[in-house]
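Peer 1: Below you will find the structure I want to go over with you.
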Amino acid sequence: MEFTSTRKKQDLTSAQAIAKGLSTEGGLYMPKDIPLFSKDEIGTLINSDYITRAVITLGKFLTDFTSDEIRNMVIKAYSGNFDNNEPAPLHDLNNSLSVLELWHGPTCAFKDMALQLLPHLLTNSAKKIEDDKTIVVLVATSGDTGKAALEGFKDVENTKIIVFYPVDGVSTVQKRQMNTQEGDNVYVCAIEGNFDDAQTGVKNIFSNKEIKELLNSNNMEFSSANSINFGRLVPQIVYYVSAYCDLIKSGKIALDQTFNVVVPTGNFGNILAAYFAKKMGIPVGKLICASNQNKVLTDFINTGEYNRNREFFTTSSPSMDILISSNLERLLFMLTDGNEEAVCQWMHSLNNEGIYKIDENTMKKLQSEFFGGYCDDIATKKVIKETFDKYNYLLDTHTAVAVKVYEDYIKETNDNTTTVIVSTASPYKFTNDVLDAFDETDSNISEFDKVKMLSEKTNTKIPDPLIGLQNKEVLHKTVIKKTQMDEFIKSVLGI
Ligand SMILES: *Cc1c(COP(=O)(O)O)cnc(C)c1O
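Count along the sequence shown from 1, then add 712; that gives the number in our numbering.
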């Protein structure tokens, strides 16, 4: 399996693509072909556990790794770190509707699915290309990614991780999750400023020549854990394969029967993984792309025009508050059968004008595979309450967006195909807004007490990683000005 860039023809191994992360001309790495599962492999997948399903799926892309190497990485990522050793269980709402719960990992959000594996993919890829430098991962986070990256990289050999977050820009629970992080190679630092300040700071450090040379002379190099690395995409294909196998096993669908997926979407990584699974031969039908009020993707799917020049909304599903969905570039590459020139042109236009329009042919393909819809905060709350009343099932705000868009899809199409709704976070990760859906608004109550209230009110279990968080020792207390980020990095790395 060879890899290329979405913007310029290249020949890379998977280890090279993962170790490099982003191509120098700005393109994203893609496999040259999408591998197909054979009938035999599908049979094996159905009768295997998640670990083996992951080994088989990853093996189709990482052909420069041995099966043993892949198995070792997968075991480190998924064995023992997820509730009941089931990383991606299906919860049935009714006969034709199931929820794929991707939040049973150490940080209670779906980012764990990729970030538990990525550190091992990165370090083993570096080894393969004979790069013995220590990988220093820099993250700017608005909450979820930072904690998931910390949990993934903690105590992974040959890596260090530094996370910056806006001091007043994350929830109480998120802040506590990060500043109690254990591990000998982790550094967490709050910035006086907002998320953009943290992100801009990190970007500036990545392109700072002086720091780069300093790192180099100390045998270190920067890397990023964000979702443009192919190493974050490939673990996400697995749970779609796994969901299909589980639907077959429980008799919900027959071997060649299709099922639709509904995905709460931000950077387009999760739903793109579903499209990969489909191209590999998993019978996915419609891919339903659910957005919040930042509905740039809904408009794109409906009109073929991507326009980021619009108001940005801060919503109750913050992990989807995005106006540039980076992974969409990979979809465009796939829909145009690998047309680098077209992708380049569109991305250039997005960069310069904030807007591009795809051609008629590409738009037809897009619309034959994807449906786009959105849901605002008021409808999000309503759906949390209604779903709880109807199914006795508690949704988080992101998953609620997906449920609402699914309901709209049914109304519009009458398509009653078996459907999987992808659930990306535990409701306890967004307790404030979830509790609000039940009219329990009292701003004087601390978020930790609200966690307890939500549990009592809905008779649901608080996830283990969040229990006792309140009493954990705060290990990271540094708060700095946004201009002091390089100093912080130099000091913790001792360079
Ligand atoms: C990151 C995230 C998303 C968006 O996923 P993408 O792959 O960026 O589309 C949705 N929900 C939650 C809870 C997330 O953390």
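Even for Gly, the Cβ is constructed at its ideal location relative to N, Cα and C.
Using DSSP's beta-bridge definition, name the partner residues of residue 1085.
Peer 2: Answer by DSSP bridge pairing, in chain order: 1002.
Peer 1: Which class does residue 846 belong to by DSSP, given the choice of helix, strand or coil?
Peer 2: strand
Peer 1: Compare the Cα-Cα distances from residue 944 to each of 726, 871, 1166, 880 and report the closest residue.
Peer 2: 726
Peer 1: Can you tell me where the beta strand (DSSP E) holding residue 1131 begins and where it ends?
Peer 2: 1131–1135
Peer 1: CA-CA distance, residue 907 and residue 968?
Peer 2: Straight across, the Cα-Cα distance linking residue 907 with residue 968 is about 45 Å.
Peer 1: Is it true that the CB of residue 736 sits closer than 9 Å to the CB of residue 1186?
Peer 2: no
Peer 1: Using three-state DSSP, classify residue 947 as helix, strand or coil.
Peer 2: helix
Peer 1: DSSP state of residue 935, grouped into three classes?
Peer 2: strand
Peer 1: Please report the Cβ distance between residue 1108 and residue 1139, rounded to the nearest whole angstrom; I am assuming they are in contact, meaning their Cβ atoms lie under 8 Å.
Peer 2: 4 Å
Peer 1: Here's the rule: buried if 16 or more other CB atoms are within 10 angstroms of the residue's CB, otherwise exposed. What is residue 765?
Peer 2: buried
Peer 1: Are residue 886 and residue 921 closer than 9 Å when you measure CB to CB?
Peer 2: Inclusion of residue 886 and residue 921 in the CB contact set at 9 Å is not warranted, their separation being larger than that value.
Peer 1: Less than 9 Å between the C-beta atoms of residue 1005 and residue 1120, yes or no?
Peer 2: no
Peer 1: Between 1044, 876, 834, which has its C-alpha nearest residue 851's C-alpha?
Peer 2: 876
Peer 1: Taking the alpha-carbon positions, what's the residue 896 to residue 872 distance?
Peer 2: 9 Å
Peer 1: List the DSSP bridge partners of residue 904.
Peer 2: Bridge pairing for residue 904: 1193 [DSSP].
Peer 1: Measuring only the C-alpha atoms, how far is residue 1205 from residue 1159?
Peer 2: 34 Å
Peer 1: How long is the line joining the alpha carbons of residue 820 and residue 1167, rounded to whole angstroms?
Peer 2: 15 Å
Peer 1: Among all the DSSP beta bridges, which residues are the ones paired with residue 852?
Peer 2: 876
Peer 1: Buried or exposed: residue 1060, going by 16 or more other Cβ atoms within 10 Å of its Cβ?
Peer 2: exposed
Peer 1: Return helix, strand or coil for residue 803, following the three-state DSSP convention.
Peer 2: DSSP places residue 803 in strand when its eight states are reduced to three.
Peer 1: Using the DSSP secondary-structure output, state which residues sit across from residue 1028 in a beta bridge.
Peer 2: According to DSSP, residue 1028 bridges with nothing at all.
Peer 1: In its own chain, which residues sit with a C-beta less than 7 Å from the C-beta of residue 1203, not counting the 5 before and 5 after it?
Peer 2: Same-chain partners within the cutoff: there are none.
Peer 1: Does the separation of the CB atoms of residue 986 and residue 952 fall below 9 Å?
Peer 2: yes
Peer 1: Once DSSP output is grouped into helix, strand and coil, what is the label at residue 1164?
Peer 2: helix
Peer 1: Restricting to Cα atoms, I'd like to know which of 934, 805, 746, 1183 is closest to residue 1106.
Peer 2: 805
Peer 1: Can you confirm whether the stretch 715–731 touches the stretch 819–839 when touching is taken to mean that 3 or more C-beta pairs between the two stretches lie within less than 8 Å?
Peer 2: Output reads yes: the stretch 715–731 touches the stretch 819–839.
Peer 1: Report the rounded CA-to-CA distance for residue 1211 versus residue 733, giving the unit in angstroms.
Peer 2: This structure leaves residue 1211 out entirely; the chain is present only between 713 and 1207.
Peer 1: To the nearest angstrom, how far is the alpha carbon of residue 743 from that of residue 1183?
Peer 2: Taken atom to atom, the span from the alpha-carbon of residue 743 to that of residue 1183 is near 46 Å.
Peer 1: Between residue 894 and the rest of its own chain, which residues show a CB-CB distance below 8 Å, the 5 nearest in sequence each way excluded?
Peer 2: Taking C-beta separations shorter than 8 Å and ignoring five residues to either side along the sequence, the partners of residue 894 in its chain run 866, 1187, following chain order.
Peer 1: Measure from the alpha carbon of residue 1189 to the alpha carbon of each residue in 898, 722, 1164, 1022, then state which is nearest.
Peer 2: The option with the nearest alpha carbon to residue 1189 is 898.
Peer 1: I need the straight-line Cα distance from residue 1086 to residue 1050, nearest angstrom please.
Peer 2: 29 Å
Peer 1: Between the Cα of residue 1027 and those of 946, 1093, 792, spot the shortest distance and give me the residue it belongs to.
Peer 2: 1093
Peer 1: Should residue 779 go down as buried or exposed, given a rule of 16 or more other Cβ atoms within 10 Å for buried?
Peer 2: Counting Cβ neighbours within 10 Å, residue 779 comes out exposed, since fewer than 16 surround it.
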